[in-house]
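Counting in the numbering used here, the sequence shown runs from -7 upward without gaps. We put the beta carbon where it would ideally sit given N, CA and C, even for glycine.
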Amino acid sequence: MSTPAQCPCGSKAHYEMCCGMYHNNPGTAPTAEALMRSRYSAFALQKFDYISMTQKLESDPDQNPEDISDSNGRTQWTSLEILDTVDGGPKDKTGMVEFAAHFKEGSNTGRLSERSLFEKVNGEWFYVSGEHEIQGHTPYVAPESAKLGRNDLCICGSGKKYKKCCG
-7 MSTPAQCPCG SKAHYEMCCG MYHNNPGTAP TAEALMRSRY SAFALQKFDY ISMTQKLESD
53 PDQNPEDISD SNGRTQWTSL EILDTVDGGP KDKTGMVEFA AHFKEGSNTG RLSERSLFEK
113 VNGEWFYVSG EHEIQGHTPY VAPESAKLGR NDLCICGSGK KYKKCCG
């Protein structure tokens, strides 16, 4: 999958100056929210190794990149909304980020709402658990940056024209 110019996390920053920095240097996200955004972008770009490296799951400590790919490889993440953040700053040891992520799977659309818990271990943030709810058949919500013409390249990074991909 090609690297997009604009970061999938919705920050409106260039990918390489946003989540790309953390994808290239795992363990460097300064806050729980930065890690959460970078994990969302990693899901959107199918960087499942990064997802695996940035989690210490209480419920499934042995989950590997192949497991993550098997359960997420067909999901196209379309937009992210940060709803709330509690703690998770550079000097905190724990943090919570509540978000909603919109997705498409085939012809179906949905919204994942989650309260993610993060913990800092030896100066590095990790995702440890989350409580989530999935709502299916939601209206498609394109990110703000997705004001594309039919012949523009698709924002999902597939390299295809928008009209032949997600349009």
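Query                                                                                                                                                                            : Result
Considering Cα atoms alone, identify which of 79, 89 and 85 is closest to residue 72.                                                                                            : 89
Which of the three DSSP states, helix, strand or coil, is assigned to residue 104?                                                                                               : strand
Of the choices 29, 55 and 96, whose alpha-carbon is the least far from that of residue 41?                                                                                       : 55
Classify residue 58 as helix, strand or coil using the three-state DSSP reduction.                                                                                               : helix
If contact is defined by three or more beta carbon pairs under 8 Å, each pair taking one atom from either stretch, is the stretch 15 to 28 in contact with the stretch 42 to 54? : yes
Work out the CA separation of residue 23 and residue 94 for me, nearest whole Å.                                                                                                 : 23 Å
Evaluate residue 28 with the Cβ neighbour count: other Cβ atoms within 10 Å of its Cβ, from every protein chain shown; 16 or more gives buried, anything less gives exposed.     : buried
Would you identify the three-state DSSP class for residue 161, choosing helix, strand or coil?                                                                                   : Since the displayed the chain opens at -7 and closes at 159, residue 161 lies outside it and no answer follows.
Given a cut-off of 8 Å, decide if residue -3 and residue 7 are closer than it, judged by their beta-carbon atoms.                                                                : yes
Use the C-beta contact count for residue 31: other C-beta atoms within 10 angstroms, 16 or more gives buried, fewer gives exposed.                                               : buried
Considering only residues of the same chain and omitting the five flanking positions on each side of residue 174, which have a CB-CB separation below 6 Å?                       : Lying before the first or after the last residue shown, residue 174 is absent from the chain, which here runs from -7 to 159.
Looking at the strands, I want to know which residues DSSP matches up with residue 79.                                                                                           : 87
Tell me which same chain residues have a C-beta within less than 8 Å of the C-beta of residue 91, skipping the five on either side of it?                                        : 28, 32, 72, 73, 74, 75, 105, 106 and 108
When the Cα atoms are used, what is the spatial distance from residue 3 to residue 10?                                                                                           : 8 Å
Grouping DSSP H, G and I as helix and E and B as strand, with all else coil, what is residue 50?                                                                                 : coil
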